[in-house]
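S.K.: Just passing along the structure, written as structure tokens.
In the UniProt record's numbering, the protein residues as written are 1 to 125.
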């Protein structure tokens, strides 16, 4: 049985790119869901639990960091691995994301190798 992913980003182009990139990693994938912001992401997660959430930080309605906090507050989502994918690569943002509960951080732009490396690391935890 493959991994289930949720990609959360307000850009349809970025979601499509991440989805395509996941397909190039060689990982066994069962399903890839998409959400447009943190609120949509939480709703999707409640209906269709996943193994890994890949989320942007800057989004309307609810940003990625707030969504991560909400996910981590719910014990039923404790095993979900969360990887932030963002153009913001400052040390402060990375530290903030990890403090919120992210398992990994990937700075845009990236390729399949970087995605595979960060996912292998996150899934091991």
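Here a beta-carbon is modelled for each residue, glycine too, at the ideal position from N, C-alpha and C. Quantities reported herein were computed from a predicted structural model and do not represent experimental measurements.
Over the uninterrupted alpha helix (DSSP H) stretch that includes residue 92, give me the two end residues.
M.R.: Where residue 92 is concerned, the enclosing alpha helix (DSSP H) stretches over 91-100.
S.K.: Ignoring anything shorter than 4 residues, give me the alpha helix (DSSP H) runs that lie fully in the segment 29-115, in order along the chain.
M.R.: DSSP runs (the alpha helix (DSSP H)) wholly in the segment 29-115: 38-47, 64-73, 91-100.
S.K.: Please classify residue 90 as buried or exposed, where buried requires at least 16 neighbouring CB atoms within 10 angstroms.
M.R.: It counts as exposed.
S.K.: Taking 7 Å as the cut-off, decide whether the C-beta atoms of residue 21 and residue 112 are in contact.
M.R.: For residue 21 and residue 112, yes; Cβs fall inside 7 Å.
S.K.: Could you pull the start and end residues of the beta strand (DSSP E) that residue 6 belongs to?
M.R.: From DSSP, the beta strand (DSSP E) with residue 6 extends over 3-8.
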